[in-house]
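Remarks on the structure that follows.
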Amino acid sequence: MTNFTESEERQELRRQVAKLASRYGRDWFAEKARSGEKTTELWLEIAKAGYLGINVPEEYGGGGGGIGDVAAVCEELAAQGCPLLMMVVSPAICGTVIARYGTEEQKQKWLPGICDGTATMAFAITEPDAGTNSHNITTTARRDGDEWVLKGQKIYISGVDEAANILVVARAEDARTGKLKPCLFVVPTDAAGLEAQAIAMEIVSPEKQFQVFIDDVRLPADALVGDEDGGLVQLFAGLNPERIMAASFATGLGRHALERATAYAKERTVWKAPIGSHQAIAHPLAQAHIEVELARLMTQKAAALCDAGDDMGAGEAANMAKYAAGEACVNAVDAAVQTHGGNGITQEYGVAGLIVASRTTRIAPVSREMILNFVAMHSLGLPKSY
Ligand SMILES: Cc1cc2nc3c(=O)[nH]c(=O)nc-3n(C[C@H](O)[C@H](O)[C@H](O)COP(=O)(O)OP(=O)(O)OC[C@H]3O[C@@H](n4cnc5c(N)ncnc54)[C@H](O)[C@@H]3O)c2cc1C
């Protein structure tokens with residue numbers, strides 16, 4: 002029988018993460034962002050509790066769980082107003098790719114630090130000129146004796162200042178065909194020739210985005226993760242987790258906005274009854290709540306398929322979940338701002354501060370348009386337009 006509720010264990014995990022994160026909360030998070038400080042305390046505490054690397058195999062310091070578990074952690078943090086973008090990247094994308102394709106030595110070298118939060122790993126695929134079209138990336142890796150030499154540029158790379166390493170998607174020359182093929186390299190953030198410049202963003206978050214310049218960075222042979230000829234398949238291993246995590250980030254943020262809005266709508270009274278009794282206020286909140294719950298259901302389905310090893314099924318569901326969650330998050334935040342009236346725009350109430358973060362869930366890590374392209378082509382069989 003299909004069961005549409007999560008296991009008791011998963012629900013308990015959610016309760017525990019929510020309890021931990023509620024000791025920090027939105028005001029703490031926003032204060033850190035506005036003062037240019039980091040959320041390291043929270044990061045290390047979730048790591049110590051075993052939540053950060055909950056999806057990573059136990060023998061490398063993880064919890065031996067699945068993407069569904071780490072996605073639940075990500076969602077509950079966001080629902081408490083503390084969305085941590087680096088959870089999407091470090092344990093979910095990098096952790097999954099290394100656990101699946103790394104050698105025994107590579108797993109021992111990088112996974113424990115990802116799990117205990119002391120060696121966070123950023124992920125870099127986006128380039129200024131390639132953008133959404135990842136097939137056009139030009140960061141290249143050239144062999145020089147036993148070493149690799151990397152050259153290129155990346156943009157919008159999250160958390161480089163908090164990371165020990167970056168999993169960089171580059172291209173190496175195929176010995177047989179001479180063509181460039183995608184390969185993954187772990188690059189230390191303090192490597193000679195690597196420079197990162199923060200991009201001024203309007204997101205209220207302690208986590209920053211960077212432009213990364215890779216200028217003949219020399220790497221040892223074992224910086225290459227996976228088989229040199231493994232190509233895109235290895236990269237794709239990280240993409241379903243990425244979408245599921247991004248969806249969870251978005252539904253968590255949507256839940257947070259709705260909780261704030263409903264609490265306010267029950268209290269605020271300017272006529273005879275609280276504003277929440279007016280359908281013009283209640284209906285958009287109810288609608289947003291339905292959309293968030295639908296997106297959560299699809300996200301849980303995608304995670305279950307991913308954890309069951311059905312990569313194709315998970316791919317379609319993860320894309321749909323990411324789309325639905327992004328839309329639901331944007332609508333929830335919009336309704337929350339409107340519910341607060343003028344207070345919705347103040348720093349004190351902190352609701353407007355969610356707007357840019359919610360819009361980001363429509364753009365990154367894969368845009369709404371590219372998901373619609375995917376569904377049009379793969380689910381509906383329509384021709385490709387680009
Ligand atoms: C906060 C934030 C954090 C990020 N973190 C990371 C990170 O850690 N690592 C990383 O590698 N990247 C990261 N990114 C980059 C992110 O993945 C890209 O911004 C995203 O994939 C879109 O690429 P682009 O910005 O180059 O937009 P473009 O590719 O220039 O696209 C612009 C617009 O055109 C649309 N478009 C493009 N092609 C098509 C098409 N064929 N059909 C229809 N519409 C199309 C897009 O959907 C978009 O709306 C981050 C971005 C943000 C905003």
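Here the sequence shown is numbered in the numbering used here, starting from 2 and rising by one per residue.
A virtual CB, placed ideally from N, CA and C, is assigned to each residue, including glycine.
Where residue i sits in the DSSP three-state scheme
{"i": "residue 158", "result": "strand"}
{"i": "residue 173", "result": "strand"}
{"i": "residue 263", "result": "helix"}
{"i": "residue 185", "result": "strand"}
{"i": "residue 78", "result": "helix"}
{"i": "residue 236", "result": "helix"}
{"i": "residue 226", "result": "strand"}
{"i": "residue 311", "result": "coil"}
{"i": "residue 66", "result": "coil"}
{"i": "residue 364", "result": "helix"}
{"i": "residue 179", "result": "coil"}
{"i": "residue 1", "result": "Not covered by the structure: residue 1. The range shown for the chain is 2 to 387."}
{"i": "residue 1", "result": "No answer is possible for residue 1: the residues shown for the chain start at 2 and end at 387."}
{"i": "residue 340", "result": "helix"}
{"i": "residue 205", "result": "coil"}
{"i": "residue 191", "result": "coil"}
{"i": "residue 6", "result": "coil"}
{"i": "residue 35", "result": "helix"}
{"i": "residue 46", "result": "helix"}
{"i": "residue 138", "result": "coil"}
{"i": "residue 1", "result": "Shown here, the chain extends from 2 to 387; a query on residue 1 therefore has no answer."}
9 Å Cβ cutoff met for residue i and residue j
{"i": "residue 236", "j": "residue 362", "result": "no"}
{"i": "residue 160", "j": "residue 208", "result": "yes"}
{"i": "residue 249", "j": "residue 300", "result": "yes"}
{"i": "residue 94", "j": "residue 275", "result": "no"}
{"i": "residue 246", "j": "residue 68", "result": "yes"}
{"i": "residue 144", "j": "residue 173", "result": "yes"}
{"i": "residue 22", "j": "residue 118", "result": "no"}
{"i": "residue 359", "j": "residue 287", "result": "no"}
{"i": "residue 293", "j": "residue 269", "result": "no"}
{"i": "residue 124", "j": "residue 239", "result": "yes"}
{"i": "residue 73", "j": "residue 15", "result": "yes"}
{"i": "residue 109", "j": "residue 155", "result": "no"}
{"i": "residue 168", "j": "residue 141", "result": "no"}
{"i": "residue 282", "j": "residue 266", "result": "yes"}
{"i": "residue 89", "j": "residue 122", "result": "no"}
{"i": "residue 34", "j": "residue 206", "result": "yes"}
{"i": "residue 12", "j": "residue 52", "result": "no"}
{"i": "residue 215", "j": "residue 187", "result": "no"}
{"i": "residue 379", "j": "residue 277", "result": "no"}
{"i": "residue 193", "j": "residue 210", "result": "no"}
{"i": "residue 30", "j": "residue 40", "result": "yes"}
One or two residues paired with residue i in a DSSP bridge
{"i": "residue 149", "result": "144 and 220"}
{"i": "residue 122", "result": "166"}
{"i": "residue 211", "result": "158 and 199"}
{"i": "residue 270", "result": "275"}
{"i": "residue 98", "result": "For residue 98, which the question treats as bridged, DSSP gives no partner whatsoever."}
Reference residue i; option with closest CA among the options
{"i": "residue 97", "options": "5, 312 and 318", "result": "312"}
{"i": "residue 82", "options": "115, 292, 43 and 109", "result": "43"}
{"i": "residue 164", "options": "140, 151 and 120", "result": "120"}
{"i": "residue 50", "options": "71, 140 and 203", "result": "71"}
{"i": "residue 244", "options": "288, 268 and 306", "result": "306"}
{"i": "residue 27", "options": "387, 15, 65 and 77", "result": "77"}
{"i": "residue 296", "options": "321, 140 and 378", "result": "321"}
{"i": "residue 280", "options": "319, 183, 259 and 340", "result": "340"}
{"i": "residue 233", "options": "138, 17 and 74", "result": "138"}
{"i": "residue 133", "options": "383, 381 and 372", "result": "372"}
{"i": "residue 130", "options": "157, 91, 272 and 284", "result": "157"}
{"i": "residue 45", "options": "13, 79 and 85", "result": "85"}
{"i": "residue 217", "options": "196, 75, 231 and 206", "result": "196"}
{"i": "residue 228", "options": "103, 284, 187 and 32", "result": "103"}
{"i": "residue 60", "options": "113, 260 and 10", "result": "113"}
{"i": "residue 4", "options": "38, 65 and 298", "result": "298"}
{"i": "residue 289", "options": "272, 264, 314 and 331", "result": "331"}
{"i": "residue 37", "options": "6, 75, 101 and 162", "result": "162"}
{"i": "residue 166", "options": "387, 87, 128 and 7", "result": "87"}
Rounded Cβ spacing between residue i and residue j (contact assumed at less than 8 Å)
{"i": "residue 63", "j": "residue 55", "result": "7 Å"}
{"i": "residue 115", "j": "residue 107", "result": "Contact doesn't hold; Cβ gap of about 12 Å is too wide."}
{"i": "residue 345", "j": "residue 338", "result": "4 Å"}
{"i": "residue 204", "j": "residue 357", "result": "5 Å"}
{"i": "residue 225", "j": "residue 151", "result": "Rounded, the Cβ-Cβ distance is 10 Å, inconsistent with contact."}
{"i": "residue 105", "j": "residue 222", "result": "With a Cβ gap of about 15 Å, residue 105 and residue 222 do not count as contacting."}
{"i": "residue 258", "j": "residue 381", "result": "Actually they are not in contact, since the Cβ atoms of residue 258 and residue 381 sit about 32 Å apart, beyond 8 Å."}
{"i": "residue 303", "j": "residue 318", "result": "4 Å"}
{"i": "residue 336", "j": "residue 285", "result": "4 Å"}
Within-9 Å CB hit, residue i to chain B
{"i": "residue 22", "result": "The structure shown contains no chain B, having only a single protein chain."}
beta-carbon residue i near ligand 3 non-hydrogen atom, thresh 8 Å
{"i": "residue 327", "result": "This structure does not include ligand 3; its bound ligands are ligand 1."}
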